[in-house]
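2 protein chains.
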Amino acid sequence: MPVTTGTRVRVFAPATVSNVGPGFDVLGFALHRPGDIVEAERSDSAGVELVEVTGDEGALPVDAQRNAAGISAADVIRRAGAAGGIRLWLRKGMPLSSGLGSSGASSAAGAVAANELLGRPLAIEDVVRSAMAGERAACGSAHADNVAPSILGGIVLIRCCDPLDLVRLPVPDGLFVAVVHPHCQVSTAEARNRLAQHLFALPDIVANMGNLGALVAALHQGNLGLLGRSIEDRLIEPARAGMIPSFAAVKRAALDAGALGCAASGSGPSVFAFADADDTAAGVARAMRAAFRVHAALDSDAWVGPISRDGAHLLP
Amino acid sequence: MPVTTGTRVRVFAPATVSNVGPGFDVLGFALHRPGDIVEAERSDSAGVELVEVTGDEGALPVDAQRNAAGISAADVIRRAGAAGGIRLWLRKGMPLSSGLGSSGASSAAGAVAANELLGRPLAIEDVVRSAMAGERAACGSAHADNVAPSILGGIVLIRCCDPLDLVRLPVPDGLFVAVVHPHCQVSTAEARNRLAQHLFALPDIVANMGNLGALVAALHQGNLGLLGRSIEDRLIEPARAGMIPSFAAVKRAALDAGALGCAASGSGPSVFAFADADDTAAGVARAMRAAFRVHAALDSDAWVGPISRDGAHLLP
Chain A
731 MPVTTGTRVR VFAPATVSNV GPGFDVLGFA LHRPGDIVEA ERSDSAGVEL VEVTGDEGAL
791 PVDAQRNAAG ISAADVIRRA GAAGGIRLWL RKGMPLSSGL GSSGASSAAG AVAANELLGR
851 PLAIEDVVRS AMAGERAACG SAHADNVAPS ILGGIVLIRC CDPLDLVRLP VPDGLFVAVV
911 HPHCQVSTAE ARNRLAQHLF ALPDIVANMG NLGALVAALH QGNLGLLGRS IEDRLIEPAR
971 AGMIPSFAAV KRAALDAGAL GCAASGSGPS VFAFADADDT AAGVARAMRA AFRVHAALDS
1031 DAWVGPISRD GAHLLP
Chain B
731 MPVTTGTRVR VFAPATVSNV GPGFDVLGFA LHRPGDIVEA ERSDSAGVEL VEVTGDEGAL
791 PVDAQRNAAG ISAADVIRRA GAAGGIRLWL RKGMPLSSGL GSSGASSAAG AVAANELLGR
851 PLAIEDVVRS AMAGERAACG SAHADNVAPS ILGGIVLIRC CDPLDLVRLP VPDGLFVAVV
911 HPHCQVSTAE ARNRLAQHLF ALPDIVANMG NLGALVAALH QGNLGLLGRS IEDRLIEPAR
971 AGMIPSFAAV KRAALDAGAL GCAASGSGPS VFAFADADDT AAGVARAMRA AFRVHAALDS
1031 DAWVGPISRD GAHLLP
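Those sequence lines, one after another, are chains A and B. Counting from 731, one number per residue, gives the positions in the first sequence under this note's numbering. Counting from 731, one number per residue, gives the positions in the second sequence under this note's numbering.
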């Protein structure tokens, strides 16, 4: 069902939590909010024009060829072999460098908006591939653990990036998430540099693989206790220790408040926790915010709710 | 239901495939055969007496305190706080140092036989713990990836060995296994030594975690194609390259004959492959045996069939 030139679409793409404890670079899930909005309309001139970026306090490039949303949209046009071009407006609705997949949400929104505007010429996995092109430009690597859950919703396992092989995992009923974003920044590049030179010992790898396998089993079996025990990360968290201010105290506060498990979101500084009830998750968020304030003198924002099963979608 | 002194039990414990591609030290599954048999009866003198070991060509210690079956049985008595002792006969039904969990099967049979003879005083997870004591004596490490599936049956994920945390994974219908044991030996100790000094790079770890997570998801979703793609091991197989004679040719032969995936069983030299039909699995076994013969001048044995859902059990 092609959309005629001149029609305008608005697409919301949610923030995402990647890594998810033991699942470095292979697991991610979608939040209901925050997220980015891309508005798009057809234009007669070829290529992508990024008309405006708002909500970023001027931090992001407005050049479509350097902006994740613009690059992703252009990749959709290229894959679809579409004639003409697209004009975009990017409304950032989430903090940058927060560990919540900000560039992933922009990439996802740009790719999905372009695909909707063109009448859905691409299968959903190709939309993910186009969004990965935006991630590559923004982050230096074409990883899928933010864009795939932002587009598909739910919890996604990335078996392999090249060739792309995605596995959608079930979202258990009764699972709630608390995410807290302290007002500081962790550079994804710096966080990755800490790992680039690092070599890992087999016992830690085995421990992480045990946790990752158990986490995937727990999601399928709806076993929230096992899910909580599996959130431990023996590989990346130690290598990045100290990058998130007072992380150990925040994690302790989350667990003391009843969290099933707690870990960094992406490369931080945001921290997420799982809980088995909405009000428990709200209490966990309060406890984590208090810990950031007391131990690191940091204000923060929090989001509480279930995992989003929907992912990116059209807004009215 | 305590068994009166003098009653005799016979327990069969099956061979197991551990590692299962990406799941080094965390995954294992049970075969229907081969396996070991332990016969046991109560005795009035304290402790465990190993009366006889057969089928091992004299290779194994007959001293109960140095034999995996005897040590496991003694650990059951200790955990149960039982009075008196046990006499054991160990019937080896499988090759040693084959990668098929030979010491694990003896440990499993010894522990299950002792627990049955005493009237099942221990919960099944404690029986696994007792069998791990036998593994520690035989292999130097108290790993559970052979004894747990040998006792529980099916496919078992070891999330953690200490404290022990086991996750039973579903066995998809229509999944068949071919296992080929070439007539040569790989020392588990030497295979582990190759890894002891090895440090691992993050891209290979990420690739393995993607495969491990996908393998667990594939078992739950009954997705045999995904299961096959997930069998690749980027961590251990390269580090141990060359330890199994002509392994690359054997694996190629398995895949060419229609195997879903193929990898070393344990630390080898046995090799296993998955297939989606019984006759395909039989053809895969023939192809692997031919490859061992042509490329490595090795005779071999093969076993073909579904994964055993039962694990160790009483024989009439």
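A virtual CB, placed ideally from N, CA and C, is assigned to each residue, including glycine.
| query | result |
| --- | --- |
| Does B/E920 pass the burial test, meaning 16 or more other C-beta atoms within 10 Å, or should it be called exposed? | exposed |
| With distances taken between CB atoms, is the gap from A/N941 to A/S960 smaller than 8 Å? | yes |
| Whole angstroms is fine: what's the gap from B/A1005's alpha carbon to B/F906's? | 5 Å |
| Taking the continuous alpha helix (DSSP H) assigned at A/T784, which residues delimit it? | No alpha helix (DSSP H) holds A/T784; the beta strand (DSSP E) holding it covers 777 to 784. |
| Check for me: the beta strand (DSSP E) holding B/L896 runs from which residue to which? | 894 to 899 |
| Chain A beta carbons: is any one of them nearer than 8 Å to that of B/V747? | no |
| What residues from chain B crowd round A/R959, counting only those whose CB sits closer than 9 Å? | R889, C890, D895 |
| Using only alpha-carbon positions, find the residue among A/L956, A/A993, A/L957, A/A989 that is nearest to A/I974. | A/A993 |
| Could you check where the alpha helix (DSSP H) with B/E967 kicks off and where it finishes? | 966 to 969 |
| Expressed to the nearest angstrom, what Euclidean distance is found between the alpha-carbon atoms of A/L894 and A/A878? | 10 Å |
| Answer with yes or no whether the minimum CB distance from B/A760 to chain A is below 8 Å. | no |
| Looking at chain A, which residues of the segment 935 to 950 of chain B have a Cβ within less than 9 Å of any of its Cβ atoms? | I935, V936, A937, N938, M939, G940, N941, L942, G943, A944, L945, V946, A947, A948, L949, H950 |
| Sorted by chain position, which residues of the same chain lie with C-beta nearer than 6 Å to B/A1026's C-beta, five sequence neighbours on each side aside? | P975, S976 |
| Under the three-state reduction of DSSP, which class applies to B/G758: helix, strand or coil? | strand |
| Does the beta carbon of B/H928 sit closer than 8 Å to a beta carbon anywhere in chain A? | yes |
| Which full runs of the beta strand (DSSP E) of 3+ residues lie inside the segment 828 to 863 of chain A, going along the chain? | none |
| Under 8 Å, Cβ to Cβ, is there at least one residue of chain B near A/T735? | Any reading at A/T735 needs caution, since the residue's pLDDT is 46, under 50, leaving its predicted position unreliable; the model's value is listed next. No, A/T735 lies away from the interface with chain B (no Cβ there is under 8 Å from its Cβ). |
| Once DSSP output is grouped into helix, strand and coil, what is the label at B/E920? | helix |
| Between the C-alpha atoms of A/E846 and A/D1040, what's the straight-line distance to the nearest angstrom? | 16 Å |
| Measure the C-alpha to C-alpha separation of B/S837 and A/I888 and round it to an integer number of angstroms. | 38 Å |
| Beta-carbon separation of A/S1130 and A/G811 under 8 Å? | Past the boundaries of the shown model lies residue 1130 of chain A; chain A is included only from 731 to 1046, so the question cannot be answered. |
| Less than 8 Å between CB atoms is the rule here; does A/F1022 satisfy it with respect to chain B? | no |
| Looking at A/L956 and A/A969, is the spacing between their C-beta atoms short of 8 Å? | no |
| Which ranges does the alpha helix (DSSP H) cover as unbroken runs of at least 4 residues, wholly within the segment 937 to 1016 of chain A, from first to last along the chain? | 954 to 959, 966 to 969, 977 to 986 |
| The alpha helix (DSSP H) with A/V750 in it runs from where to where? | Here A/V750 belongs to no alpha helix (DSSP H), and DSSP marks it neither H nor E. |
| Sorted by chain position, which residues of the same chain lie with C-beta nearer than 8 Å to A/G998's C-beta, five sequence neighbours on each side aside? | G829, V916, A921, R970, M973, I974, F977 |
| In angstroms, rounded to a whole number, what distance separates the CA positions of A/A853 and A/A844? | 13 Å |
| When the cut-off is 8 Å and only beta carbons count, does B/G751 lie next to chain A? | no |
| So B/G1035 is in the beta strand (DSSP E); what residue range does that whole segment cover? | 1030 to 1036 |
| Buried or exposed: which applies to B/G849, given that a residue is buried once 16 or more other Cβ atoms fall within 10 Å of its Cβ? | exposed |
| Among A/N797, A/W819, A/I801, which one has its Cα closest to the Cα of A/R721? | As displayed, chain A neither begins before 731 nor continues past 1046, which places residue 721 of chain A out of reach and without an answer. |
| Just verifying my parser: in three-state terms, what is the DSSP assignment at B/C869? | helix |
| Starting from B/D755, find everything on chain A with Cβ-Cβ shorter than 7 Å and list it in chain order. | V936 |
| Give the DSSP-derived three-state secondary structure of B/R772 in the structure shown. | strand |
| Within the same chain, show all residues whose beta-carbon is closer than 8 Å to that of B/V733, passing over the 5 residues directly before and after it, in chain order. | Because B/V733 sits at a pLDDT of 45, beneath the cut-off of 50, its placement in the model cannot be relied upon, and the point is left open. |
| With distance defined between alpha-carbon atoms, name the residue in B/V1001, B/K822, B/A1020 nearest to B/E769. | B/K822 |
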